[in-house]
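In this note's numbering, the protein residues as written are -3 to 215. Right, one structure below, let's go through it.
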Amino acid sequence: MPRSIVSDRDTRFLSYFWKTLWCKLGTKLLFSTTCHPQTDGQTEVVNRTLGTLLRAIISKNLKSWEECLPFVEFAYNRSVHSTTGFSPFEIVYGFNILTPMDLLSLPMSERLNLDGKKKAEYVRTLHEKVRANIEKKIQQYTRQANKGKKKVTFEPGDWVWLHFRKERLPEKRRSKLLPRGDGPFQVLERINDNAYKLDLPGEYNVSSTLMLVTSLYSM
């Protein structure tokens, strides 16, 4: 059983039945903060990557996304991850799967013919290497993110691009395959360093709305 489960604040996950069930099983439930998907960053990054791949494939034919999803998933699972240094498939099974485009017979390498004990040891060593690679990448990302980092603020009259977040503009995010942002829009008022009022067009059904700084991008 998992030690913990990270999820959003859907009513099904917040229900008494769900909480009681996992409490009895000894699993801790962790809920993400509203409008702060970074809480479950790993899942959000994977979903964002899959969404990008789907948008590139289906173009304007939004109804075909279900047919394309298995192929996108397959491609993602056999692609080497820049952080781990291995593909998701190899991390789980100990070898990377071939595609029909490889046009090669299945390689009978030494590692595919190991007995169960040696294979388990290989996978265990592989996971240790993956964890080390992840830790190394995290440190690298942290140094890079903090290098030359500056605080972003906007003033009334500035023009910004708006990232559509479903919590703020659900109509603009009714499909994950639609454009993720729009602009430029003018800043009307600075509430504080993290919140601003924007002048949005009539199609948004509001004359101005409050936006978090994480949803805005400078021109």
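In this text, a Cβ means the ideal position worked out from N, Cα and C, and glycines have one as well. Small disclaimer: the values here were computed from a predicted structure and weren't measured.
Spatial neighbours of residue i in its chain, beta-carbon cut-off 7 Å, leaving aside the 5 residues before and after
{"i": "Arg186", "result": "Phe150, Glu151, Pro152, Tyr192"}
{"i": "Lys15", "result": "Leu25"}
Inter-residue CB distance, residue i and residue j (contact presumed, cutoff 8 Å)
{"i": "Asp178", "j": "Leu158", "result": "6 Å"}
{"i": "Trp61", "j": "Leu50", "result": "5 Å"}
{"i": "Thr80", "j": "Asn129", "result": "5 Å"}
{"i": "Val148", "j": "Phe82", "result": "With 8 Å as the limit, Val148 and Phe82 do not qualify as a contact, their Cβ atoms being about 35 Å apart."}
C-alpha gap between residue i and residue j, whole angstroms
{"i": "Ile53", "j": "Tyr137", "result": "29 Å"}
{"i": "Cys64", "j": "Val41", "result": "19 Å"}
{"i": "Lys24", "j": "Tyr72", "result": "29 Å"}
{"i": "Ser55", "j": "Phe181", "result": "26 Å"}
{"i": "Phe13", "j": "Cys19", "result": "10 Å"}
{"i": "Phe70", "j": "Pro84", "result": "10 Å"}
{"i": "Lys114", "j": "Thr121", "result": "10 Å"}
{"i": "Pro(-2)", "j": "Ser75", "result": "26 Å"}
{"i": "Tyr118", "j": "Lys132", "result": "21 Å"}
{"i": "Asn142", "j": "Gln135", "result": "11 Å"}
{"i": "Val156", "j": "Val183", "result": "7 Å"}
{"i": "Leu58", "j": "Asn43", "result": "17 Å"}
{"i": "Leu17", "j": "Asp6", "result": "16 Å"}
Own chain residues within Cβ distance below 6 Å of residue i, not counting five before or after
{"i": "Asp4", "result": "Ser28"}
{"i": "Ile93", "result": "Arg74, Phe85"}
{"i": "Ser0", "result": "Lys24, Leu26"}
Contacts around residue i, its chain only, beta-carbon distance under 8 Å, and the 5 residues preceding and following it disregarded
{"i": "Arg107", "result": "Only weak support is given to the placement of Arg107: the predicted model assigns it a pLDDT of 49, under 50, and the question is left unresolved by the model."}
| request: Counting only runs of 4+ residues fully inside the segment 2 to 77, write out the alpha helix (DSSP H) ranges in chain order. | output: 7 to 10, 12 to 20, 37 to 54, 61 to 73
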